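Residue numbers (the working numbering), protein chains in the order written: chain A, 1 to 205; chain B, 1001 to 1569. Note that CB positions come from ideal geometry on N, CA and C, so glycine has one too. Fair warning: this is a prediction, and the values are worked out from it, not measured in the lab. First comes the structure, then the notes that go with it.
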Ligand SMILES: Cc1cc2nc3c(=O)[nH]c(=O)nc-3n(C[C@H](O)[C@H](O)[C@H](O)COP(=O)(O)O)c2cc1C
Ligand code: SF4
Ligand code: FES
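If you want it as structure tokens, here you go:
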């Protein structure tokens, strides 16, 4: 795994103005709400607790778009483990973010169908024209791009991306520009598209 | 929902009423509309089509069902319509706005085929379409047929019958003997015989014992396992339960990579329904057997598909492989005996128990029995997921099933084995698709994902893409893989920029050998294979970059006039 820079941790920990857990950009995660989410991941024994950690992180990451260090501490407390262990997971597993998302969120598929149909050029295009690289956010905070190494499962429309709730297939640079402009002009955000809990404890079905 | 079923008789009774309801559905006087909803059709508006159908029929007695796709992604969103007295007919390319005219009997040109043995009113059976013609569906039999969220549908179509057979009619030895006789080999890539693994699992003496399903599917070239979750989650669950019962496992896990919410949701629904019916949990069907089922998710790390890494991930730590032995069947999850199988492997088991190992072994080839789910990516006409007997040739798949190249695209090659093997060229398409045939030319069946590429893809650039994937996904535990793959990418970048030399080619070969020989796990041990394959199949492209500074495909950022980046940079 390519690790994200640990400087984020240092920044948050050392800036007293950010004690409430806000990111330098001003984003904060409501820790009381995190505790509510975690309540769905209750466990009966040590093994269950360990086995639920990743699913709980998925849920929080999906809900807020990232997992802040204070949120990671709450997760650690819930499962009876250390924040460093949680942070180790956040930096190992590619789905998790330790920085907030911008207003709009794009998953750009770079699976093999998308690669052979030109996704490499689209990644380059996003860098050149929008100034945003993998896992990055545009300077105006409008768009975060995450390049997916797996496959979004819609290979017949490759190259494809998912922008907030919408899939846009058979992408070209122009189509990508249009989609981003439309999304930004539309005023919504990735939050409108976020899906509800798909996992939870092993006993509530 | 009914009470828990606590005996064989109660299960049989449930089966009977489920199939009566099923027959009534299809022979009745009601209009039955089945909208195919799965992760690929959702991207094309299938949910809106479903909503439009529900809207149109609100207040009528027509039945609107949410089924899964049948693999034919090229005709999505698809809707199947069954009118009283007619067979079910599948229509493709349906948009929400089309629903009214479709139901009015128009849009006949969108009818792809009849689901059933015979044509109707000039519409041929689906099975005559080239995409379906070569298929033999065992795992995918119920895709697009049952509602995945309905356990009654599944049971009406035979689900959990094999579990009952194993519980009430067979000893564990007999059940394993059938799996061994079937010749079923692991569908996760390595092709290890399932029967042998189960036998060692059964013999392991430590307790508790676990069964784990590997539904990680983090490879960039394949999308089959998620489709089983979406199309027929009950097959996976039944396979897990059978494996647990015969190996004596107390708990069965399904580990899902985490990137397919619809599949997870449908699988969890199947688990919840099966639990209500008493098919899992304590005292299954009154037999006194207990099997707990858990669903775990990862977080998008390809390496977590490797067996030992997967188990660490289930235990909530970083998924990094460990040295073996001990093998997982002796010391796996929580240091207890663990039987790990791929999703597709387990989903094939119910049919094997129902029809016998002998039946399965007659399908496919002598050393690769049965059917295999195959996926294709690239500029082909009929992109989709299929299930064919092992041993079908690549040519049949590419030109027949998947419809050949799209207009304006010329076939250049087909990458096999995902990120773990090399490509095959146009001259090599007569190789049989099975576990063994393609290996002599550096290809591999792997998990059954084939990537066809055209004249716009440069073999050097493709090799870089594949190597870079392994570089990013390396878990960084051992040096040859962690440092070696970046070194290969660096050399490839030099060549892509037009600054490569002939020595770079042998340097890459030496580095590759180093990585292959010294890496700890399967990722590193095969990581250079795609590069070596590309170099072997397309040597001229590499030389063109190095000596003539041209990238024929126009994919590489060769600078003109050439700016030489030297090895010292
Ligand atoms: C890097 C790597 C990734 C793997 N990814 C998967 C995977 O996504 N799914 C899978 O079933 N097997 C995967 N495998 C193979 C598993 O280690 C294991 O062999 C397999 O799950 C066993 O099941 P089977 O015998 O039914 O195939 C992977 C192996 C390696 C080395
Ligand atoms: S070979 Fe690569 S992926 Fe495997 S253990 Fe070593 S570093 Fe990790
Ligand atoms: S590779 Fe991009 S959708 Fe499959």
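Can you give the beta carbon distance from residue i to residue j, rounded, assuming they're within the 8 Å contact cut?
| i | j | result |
| --- | --- | --- |
| residue 1414/B | residue 1450/B | 5 Å |
| residue 1036/B | residue 1062/B | In fact, because the Cβ distance is near 17 Å, the residues do not count as touching under 8 Å. |
| residue 1422/B | residue 1315/B | About 35 Å separates the two Cβ atoms, so there is no contact after all. |
| residue 1408/B | residue 1381/B | Not really, about 12 Å apart at Cβ, beyond 8 Å. |
| residue 161/A | residue 108/A | 5 Å |
| residue 1257/B | residue 1375/B | That pair is no contact at about 16 Å. |
| residue 1219/B | residue 1302/B | 7 Å |
If I measure Cβ to Cβ from residue i and keep anything under 8 Å in the same chain, skipping five residues before and after, which residues do I get?
| i | result |
| --- | --- |
| residue 1550/B | 1544, 1558 |
| residue 1137/B | 1143, 1371, 1387 |
| residue 1548/B | none |
| residue 1461/B | 1496, 1551, 1553, 1555, 1556 |
| residue 1336/B | 1206, 1207, 1208, 1209, 1210 |
| residue 1118/B | 1087, 1125 |
| residue 127/A | 133 |
Identify, in the order they occur along the chain, each residue of the same chain with its Cβ nearer than 6 Å to the Cβ of residue i, setting aside the five sequence neighbours on each side.
| i | result |
| --- | --- |
| residue 1082/B | 1032, 1088 |
| residue 1365/B | 1390, 1391, 1434 |
| residue 1304/B | 1216, 1298, 1310, 1313, 1319 |
Could you check if residue i belongs to the surroundings of ligand 3, using beta carbon to heavy atom distance under 7 Å?
| i | result |
| --- | --- |
| residue 113/A | yes |
| residue 160/A | yes |
Can you have a look at residue i and say buried or exposed, based on whether 16 or more other CB atoms are within 10 angstroms of its CB?
| i | result |
| --- | --- |
| residue 1406/B | exposed |
| residue 190/A | buried |
| residue 17/A | Confidence in residue 17/A is poor, its pLDDT being 41 and thus under 50, which makes the residue's placement too unreliable to answer from. |
| residue 179/A | buried |
| residue 1273/B | buried |
| residue 1503/B | exposed |
| residue 1074/B | buried |
| residue 1085/B | exposed |
| residue 1459/B | buried |
| residue 78/A | buried |
| residue 51/A | buried |
| residue 1513/B | exposed |
| residue 1014/B | buried |
| residue 1263/B | buried |
| residue 1354/B | exposed |
| residue 186/A | exposed |
| residue 1226/B | buried |
| residue 146/A | buried |
| residue 144/A | buried |
Shorter than 7 Å, the distance from the beta carbon of residue i to the closest heavy atom of ligand 2, or not?
| i | result |
| --- | --- |
| residue 1303/B | yes |
| residue 1324/B | no |
| residue 1521/B | yes |
| residue 1474/B | yes |
| residue 1477/B | yes |
Any beta carbon from chain B within less than 8 Å of residue i's own beta carbon?
| i | result |
| --- | --- |
| residue 232/A | Nothing can be reported for residue 232/A: it is not among the residues displayed for chain A, which extend from 1 to 205. |
| residue 51/A | yes |
| residue 54/A | yes |
| residue 43/A | no |
| residue 40/A | no |
| residue 154/A | yes |
| residue 157/A | yes |
| residue 199/A | yes |
| residue 95/A | yes |
| residue 113/A | yes |
| residue 163/A | no |
Are any of the Cβ atoms in chain A nearer than 8 Å to that of residue i?
| i | result |
| --- | --- |
| residue 1460/B | no |
| residue 1143/B | no |
| residue 1236/B | no |
| residue 1453/B | yes |
| residue 1135/B | no |
| residue 1259/B | yes |
| residue 1470/B | no |
Is residue i close to ligand 1? I mean its beta-carbon at under 7 Å from any heavy atom of the ligand.
| i | result |
| --- | --- |
| residue 1503/B | no |
| residue 1254/B | no |
| residue 1445/B | no |
| residue 1351/B | no |
Here's a check: name, in chain order, each residue in its chain whose Cβ is nearer than 7 Å to the Cβ of residue i, leaving out the five neighbours to either side.
| i | result |
| --- | --- |
| residue 1410/B | 1454, 1455 |
| residue 1278/B | 1004, 1005, 1006, 1284, 1285 |
| residue 1426/B | 1411 |
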